[in-house]
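One structure is given below, encoded as structure tokens.
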Amino acid sequence: MSDLAKKVEHQSIIDMNESFRMDGKGFKLWVGFLLVIILVAMAAYIYQLTSGLRVTGMGNYVSWGMYMTNFVFFIGISHAGTLISAILRVTGAPWRRPITRMAEAITLFALMIGAPMVMIDMGRPDRVWHVFAYGRLNSPILWDILSITTYVSGSLMYLYVALIPDLAIFVDKVKAPWQRKLFQKLSLGYKNTPEQEKILNKALGAMCIVIIPVAISVHTVVSWIFSMTLRPGWHSTIFGPYFVVGAIFSGTAAIITAMIVFRWAYGLKKYLTMVHFKALGKLMIALNALYIYFTVSEYLTIWYGRHEVDHRLMEVITSGIYGKMWFFMWAFCLFLPLALTVWFVMKKTEKYSLTIMMVATILINIGMYIKRYLIIVPTMMTTYIPAEAAGVKISYMPTVIEWSITFGGLAMFMLLYTMFSKIFPIISVFEIIEGIHQEGIEKVGVEA
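Next comes the structure, spelled out in structure tokens:
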């Protein structure tokens, strides 16, 4: 190992040990705040479980609402984590090294929050086992459960295998005895010998090849839950690639947001530099433009065809509260972030740059949540035979219960992510050192 790599390793051990500290006032307030939201959400869910779905805004017509929006949103965010990490690893992008673990952790925790939203939406979670006992192979719901289960298992294994070398590095360096024992058990006796390193890299390379098609298939199957259903706005051949692009788009934005937060909270400026943000910014521009193209294609096809039920769907989407959400999504969550990201990539100085990117990425995920909501609710409100003809006015408005559970899911995601970063190294030290040794510190992007 070169002297520079040794110095970087030594400094990274100091910095990571500092990030493991849980005695700060800010950390305690943050965790306490998240726990309060989670407890409120648990109380709301218990109330829903005992009272039934009548306490929500859902009914006979709109049987999918905010919970299914949460499901699609979190499953979408999960994609950019392992998927981007795997693609960048396969393509050999050297600047990926400091950000891979943040991305992989997002995947796992987003899946852990998103998947249970389906059970929350059911009203009778005790009947989940019916999917396995009486499931039919021609049911997209069964496809979804099988693909998500595979993805969770693969993502957990991928995160763990990539974590083993860092656990071995830190096993004698961490201060807390419980953490030392945990690292010792999980590192499996890894000593970073040439033979072990060769086996590890082969395992990671194989898992990258496997996890990429699994990740793509998961959100494709999620899209098929909608597109295989004969409902206006859903029965579309474009939904598979459309959902996958949207998932990578929102997930990449989530990674950038997490990077900025950790860079500020843990003082990781030396490891998360403008090299990484500029590279991800260029990727964001491409994904943003591609998603705008898909979205225009979706709505233009519906509008131009002028099919009677599709025309009524467009009236619902573009009028009233949904019209305001639709306009907000276009103006502030697609075109404005694109302009901000282009400005960020072209800007030479660092001043205010990351603040602009933080605003852009948060707006993107607000917009992506709105988009998922607009995919689900207006379609559920638009029946082939107009309900108004029978004197029925279809409406849906999320109740306090739904809002509480939604914010609780978001708080749980943040809590899991926070605690992971306090227990395990959030920066992949092993990959940084390996990259410095193989490609040089400039290509890795970290500061000496």
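Numbering (our numbering), first residue to last: 997 to 1444.
Beta carbons: idealized from backbone N, C-alpha and C, even for Gly.
Bear in mind that the values here come from a model prediction, so they are computed numbers and not experimental data.
Of the residues the options, the one placed nearest residue i, counting alpha carbons only
i	options	result
VAL1373	VAL1058, TRP1326, ILE1009 and ALA1001	VAL1058
GLN1434	ARG1093, LYS1344 and GLY1048	ARG1093
MET1108	TRP1125, ILE1141, THR1395 and HIS1303	ILE1141
ASP1306	SER1232, TRP1091 and TRP1326	SER1232
THR1225	GLY1441, ALA1386, SER1143 and ASN1134	ASN1134
TYR1154	VAL1051, GLN1175, ILE1102 and VAL1127	ILE1102
PHE1409	ASN1197, PHE1069 and GLY1053	PHE1069
VAL1312	ALA1199, LYS1439 and LEU1370	LEU1370
ALA1261	SER1015, PHE1323, TRP1326 and VAL1442	SER1015
ALA1039	VAL1292, GLY1201, TRP1399 and ALA1444	TRP1399
PHE1105	THR1414, ILE1419, ALA1282 and VAL1292	THR1414
THR1065	ALA1111, LYS1278 and THR1046	ALA1111
PHE1416	LEU1035, MET1310, MET1098 and ILE1437	MET1098
Collapsed DSSP secondary structure at residue i in the structure displayed
i	result
ALA1249	helix
VAL1124	coil
ARG1227	coil
LYS1344	coil
HIS1303	coil
ASN1197	helix
ALA1039	helix
GLY1055	coil
THR1189	coil
LEU1268	coil
TRP1174	helix
TYR1156	helix
SER1400	helix
ILE1033	helix
GLY1445	Examination of residue 1445 is not possible in this model, given that the chain is present from 997 through 1444 alone.
MET1364	helix
ILE1381	coil
With 16 other Cβ atoms within 10 Å as the buried cut-off, status of residue i
i	result
GLU1427	buried
GLY1263	exposed
HIS1075	buried
ILE1160	buried
GLU1430	buried
ALA1335	exposed
PRO1209	exposed
ASP1162	buried
ILE1195	exposed
HIS1126	exposed
ILE1095	buried
Proximity test, Cβ basis, 8 Å: residue i and chain C
i	result
VAL1170	This model lacks chain C altogether, as it is built from one protein chain only.
CB-CB length for residue i against residue j, believed under 8 Å
i	j	result
ILE1116	ILE1401	6 Å
GLY1247	SER1219	At roughly 15 Å, the Cβ-Cβ gap does not stay under 8 Å, so GLY1247 and SER1219 are not in contact.
ILE1073	ALA1250	5 Å
SER1008	ILE1423	7 Å
THR1253	SER1151	At roughly 20 Å, the Cβ-Cβ gap does not stay under 8 Å, so THR1253 and SER1151 are not in contact.
THR1441	HIS1272	Residue identity differs from the one stated: residue 1441 is Gly in this sequence, not Thr. Confirmed, Cβ separation roughly 5 Å.
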